Amino acid sequence: MKRKIFILAFVAFFLINFFTSAQNEKIVLQPENGKEYIYEFIETKYVLPENQQRFDEYIKTKSLRIRCVTLQPENKEYLLVSVIENKAENPELIPPRYKDYRFPEFRDAFYENRYDSFWEELLPWIDFYQYEFDRETMELKLHNRAEVLEEVRNLLRRKGFDEKAVERHTSDFNTEGIPQITQHLQSILMVSEPEFEVEGIEPSAFKENRTVTDSLFTYHLTKQKIEPGLHSRHFSYQAEKKYLIENTTTQIDSSKYALWAYGEPHRLIYTENKTHLQSIKNISENRIIISGKVDNTKQKKVIVGYLREPFGEELYQKTVFLDENNAFRLETDLKHAGLIYIQFGQTNRVDDIPLLAFYAEPGNDIHFEAKGETFPWEVKFSGDNHQASQLIYNFWKEYGLFYQNFNFNFLYLDGRKIKYSGLQNALMNKDLFIEKYRNQISEPVFNFVTTELNAFLLTGALYYLNLIEQINNVAFGRLYFPEEDKVDVKFLESLVRDFYLHRNYNDYGIHSRQLADDFLSYQISKMNRIGNFRTSNRFNAPVQSGWRYFGDLPQKVELTKTVLTGHALYSHLAETLLQEKMNTLDYSSQDQRIIQNEITRHLDLMLRLVNNREFANAIEKLMENHLKWQNENYVPETQFLNPEGEPIYFSDFFEEKPTVFYITDIWERERYFWDDLAKENPEINFVLVMEGSNFEDWQNYIERANPVAHQLFLANHNQQLRNIFKKDRYHFIAYDKDGKRVGFGENPIDVMNLAKHSLMVKKKELDKSQLQLIIYVLIGILLLVTISLLTWKWRARQHFRKEQQQRRLRELELTAIRSQMNPHFLFNCLNSVQNLVQQNKGREAHLYLSDFAGLIRKVLQNSEKEEVSLAEELETVEQYLNLEKLRFDFNFQITIGEGIDPHNTPVPSMLLQPFAENGVIHGLQNKEGERKLKIEVLREHTHLAADNRLAHTSFILIRIEDNGIGRPAAEKLATAKNGKGSKLMQERLKIMQEKQGEKYRLQITDLTDNDETGTRVEIWVPEEK
């Protein structure tokens, strides 16, 4: 009660504000988050002749699905808009002209110029247009414009346009297509009354009416006279929840060119733009829950079937079982609204199997209870859309229409049980019966259900008319027509003649698709005046071939285009082309390749034309699968299950035996024959591959059958056999034991022989090649031994040469270093003489030159040697130090430790002189006070680290120590740039170590103890034993 008072108060307040506002004030409507709205936009141009019914020149219809959602991570509200229907029609022409932009005219070339507004075709391709919106102003902005335009470009490229045309059409889409979607969306979020002042219209010329009932506000405006301009305006909306229900505007134009209707010209042309809400519901997942309880049924198995693919009539099936209370519950995927069938038991063509149908949408939770001893039961539906399901069942029960069953994955009419008089009665009275439910069911659901019921009845009528045609030609039809079952044939023919499929068709309606096939067959049979002669095995009498026996594919396509259009055309052609493709297993013959090329050409054209993404993806997926099978080494990588529930693959059967796979979705078909083949031919693996939705059901069946052949099960929740193989039933694939495919076939004996032949070929090849193999092995061994010996000899020679080259290279490097040291030594000595002359020390210079001559002679002799004795090296150093004492005063001392034989201890030539020279020139020469240089030769047993590659070894340690200014101070002087001799010696020691493998070591230490400076050089030379 309080809620009603609140609603009335809210509405009253709203209306007071509305009536007192300006006439052109806009009314902002608010979409509810989490809701899905479907609006239909209809533009109609027509004339109203006197004493005649309305004549429609054209009708354009566009339906939008609008979802109000909050997207993460920005936590922002968006409107997701999809174009789910876009079509146009000239209904008064004979025949009518119809255009479905999602499924355009099926023809090649020039499709760019079919009409001016080519961008209309592109609108349905986009999954959703994502709009930002402001709840106060309802200002809209397309958030994903860049992504949308890129998708359009890719679609145009797939259609075969060049880049120039791609950019032109993308620009048109951006400037005309997107603004149209935005305008439609804006029109349902904000409405306003006519602006009379702006349009120059007198308000008194109109009759105005405003009403409000239970929060439903209605506004109606009609002009008194029929004259050009605004003629009428009508809109209504839900005031409490703020959503638009309907908005219709009619304009009258005085055309310069008359529109002819009923033989007369008319110049006053009406243009009506109507927007109305078809449905509003919560956004839900693509899932459905079905539960039910049955009092009496002979079987526990429950089979649920519904359409899942965008084309064809095959039903996806799920199997469950009734529990001990005869109840069940099933949750399954459902992407599209449609009819769902439930069959209680497996068809055996003997018993009457109960079958129920109900309407369901994604997100629905549906329950039913069936009571009664015999079928038809008393069935009561509850849950979502239960009124629509109750309508279907009550209609069938009223007219006794329970003559359908599942045959494999197809729903079929059982012609033996049809009561055609009851069928005629249903056709004559269906409108009155169905109309009682109109106000109980939402408009889209009501339209869908009535369309399917009508298609179901017309399918039966066509079935009857086809049988009548057979009776007129062959006298075997009386079996189907009891004398008391009288039907008005002319009435049925008139219904079919006046029926237009494109106006009464559901894309995901099983009966709509069945009717399209039967309607096409009937129309072609009427058109066809002659047929190909054939012999019917069933009736053993000559009959005319009808539509279903045409073998010329181009003729099939062209005839289909004359009868069907839109989704019905594409669905039928797609299924026909794929069935033709699956029927051609072997591409080896030229005629089969020609047929396959023709099929591929039409499928490629379909992919270029279709503007429905789901349809195109399904076609592409099946074509890609067929393309894989053109490779003879292709083996499916799909995971199957064996009877123990273990995963198993095709490749698991290879290596030991050839394998023949039998692909079928029918469990019992030829199973016993297959087992017999497995027993008689143990050298071959026989594998039966089946699909289903319930593994336990299949497992129980296998256990009861106790098969001999291998059994594989495909759980078809995500894919079916037709998505994996070239054909989904009744065909065989043979592989040799190495996993190479040796053939396809529809005859198990032929395919088995292919597998056997692969064994025979391999056996012959083995017998013939055994001797060759032995010879090849012996020759190979001989060649291997010869090559090994030659390789070993060559590698040894190469290794020896490499060692010689490396040794010679090291010698050259040492010679080069010694060659560098000699000029350096001479330069330093001559520099000392120059200093003595500059100091006017002639006597000292004369003595220096005399001693220098002896020193030069010794240096030149030793420079040609790689090593000299330690005694010779010390003597050379001593002569050099004596020469340097002539230049400036310093003291030096040379000592040799006990037990060291300097004459038998080899050291590298010119080892000590560069370091002694550095000590004198850079250390002592610039020192004030007492200058000392000390050279000591000691024996030392040293244990060095492993990374220095030294272990417990005896060394001769030569230590050169001075008390000069030290290296840090010398580096600050200009003379610090000299020191090349010591660097050359360090490099020389390193090369000698690499060449001889002997372990030399050099260490230089700066002395800084007790305020004293100096440098210590320590050289470790390995002592020879």
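Count along the sequence shown starting at 1, add 149, and that's the number in this note's numbering.
Heads up, the beta-carbon is just placed ideally off N, CA and C, and yes, glycines get one too.
In this text the structure is predicted, and so the values were computed from the model without any measurement.
Item	Value
Close beta carbons around Pro-796, own chain, < 8 Å, minus the five adjacent residues each side	Gln-788, Phe-789 and Leu-790
Exposure label - Glu-413; buried when at least 16 CB within 10 Å	exposed
Of the listed residues Pro-1055, Asn-1053, Val-1026 and Leu-1035, nearest to Gln-1042 (C-alpha basis)	Val-1026
Contacting residues, own chain, Cβ-Cβ under 7 Å from Gln-1135 (five flanking each side not counted)	Leu-1151
Inter-stretch contact at 8 Å, needing at least 3 Cβ pairs: the segment 437–444 / the segment 505–521	yes
Start and end residues, alpha helix (DSSP H) containing Gln-107	Here the chain has residues from 150 to 1174 only, and residue 107 is not among them.
Where Glu-532 falls: helix, strand or coil (DSSP)	The sequence shown places Gly at residue 532, not Glu. Correct three-state label for Gly-532: strand.
Per-residue burial, Tyr-671 [other beta carbons within 10 Å of its own, 16 or more giving buried]	buried
Buried versus exposed, by CB contacts within 10 Å (16 or more), Asn-896	exposed
C-alpha gap between Leu-1177 and Phe-252, whole angstroms	Since the first residue shown for the chain is 150 and the last is 1174, residue 1177 is missing from the structure and cannot be characterised.
Three-way DSSP call (helix, strand, coil) for Met-287 in this model	coil
Beta-carbon separation (whole angstroms), Phe-802 vs Asn-774, contact threshold 8 Å	With 8 Å as the limit, Phe-802 and Asn-774 do not qualify as a contact, their Cβ atoms being about 21 Å apart.
Inter-residue spacing [alpha-carbon to alpha-carbon] between Leu-370 and Ser-341	12 Å
Where Phe-597 falls: helix, strand or coil (DSSP)	helix
Integer-rounded CB distance, given that Tyr-657 should sit under 8 Å from Ala-486	7 Å
Leu-220 - partner residues in DSSP beta bridges	Lys-225
Same chain, Cβ closer than 8 Å to His-751, five either side skipped, listed in chain order	Leu-702, Val-706, Leu-722 and Leu-726
Proximity to Pro-503 [Cα-Cα], best of Val-451, Lys-484, Gln-987 and Arg-1116	Val-451
Asn-1159 versus Arg-1080: straight-line alpha-carbon distance, rounded	16 Å
Residues that Asn-431 bridges to, as DSSP identifies them	Lys-184
Whole-angstrom distance between Gln-1074 and Val-1170, CA atom to CA atom	29 Å
Beta strand (DSSP E) segments (min. 3 residues) lying fully within the segment 433–459	436–443 and 450–456
Boundaries of the alpha helix (DSSP H) in which Gln-279 is found, first to last residue	Looking at the DSSP string, Gln-279 is not in any alpha helix (DSSP H); the run it does join, the beta strand (DSSP E), is 278–282.
Boundaries of the beta strand (DSSP E) in which Asn-358 is found, first to last residue	355–362
Integer-rounded CB distance, given that Gln-466 should sit under 8 Å from Pro-593	At roughly 26 Å, the Cβ-Cβ gap does not stay under 8 Å, so Pro-593 and Gln-466 are not in contact.
Buried or exposed (CB count within 10 angstroms, at least 16 for buried), Gly-1003	exposed
Outcome for Ile-375 when other beta-carbon atoms lying within 10 angstroms are tallied against a minimum of 16	exposed
DSSP three-state assignment for Arg-416, whether helix, strand or coil	strand
Contact under 8 Å by Cβ, Lys-184 with Asn-513	no
Rounded distance between the beta-carbons of Phe-507 and Phe-530, thought under 8 Å	6 Å
Endpoints, alpha helix (DSSP H) assigned at His-333	327–338
Cβ-Cβ distance between Phe-460 and Phe-764 below 8 Å	yes
Assigned exposure category for Thr-1124 - 16 Cβ within 10 Å defines buried	Low confidence applies to Thr-1124: its pLDDT is 49, below 50, so where it sits in the model is not reliable enough to give any reading.
His-906 - DSSP class collapsed to helix/strand/coil	helix
Check whether Val-230 and Tyr-278 have beta carbons under 8 Å apart	yes
Buried versus exposed call for Gln-492 [16 or more other C-beta atoms within 10 Å across all chains shown]	buried
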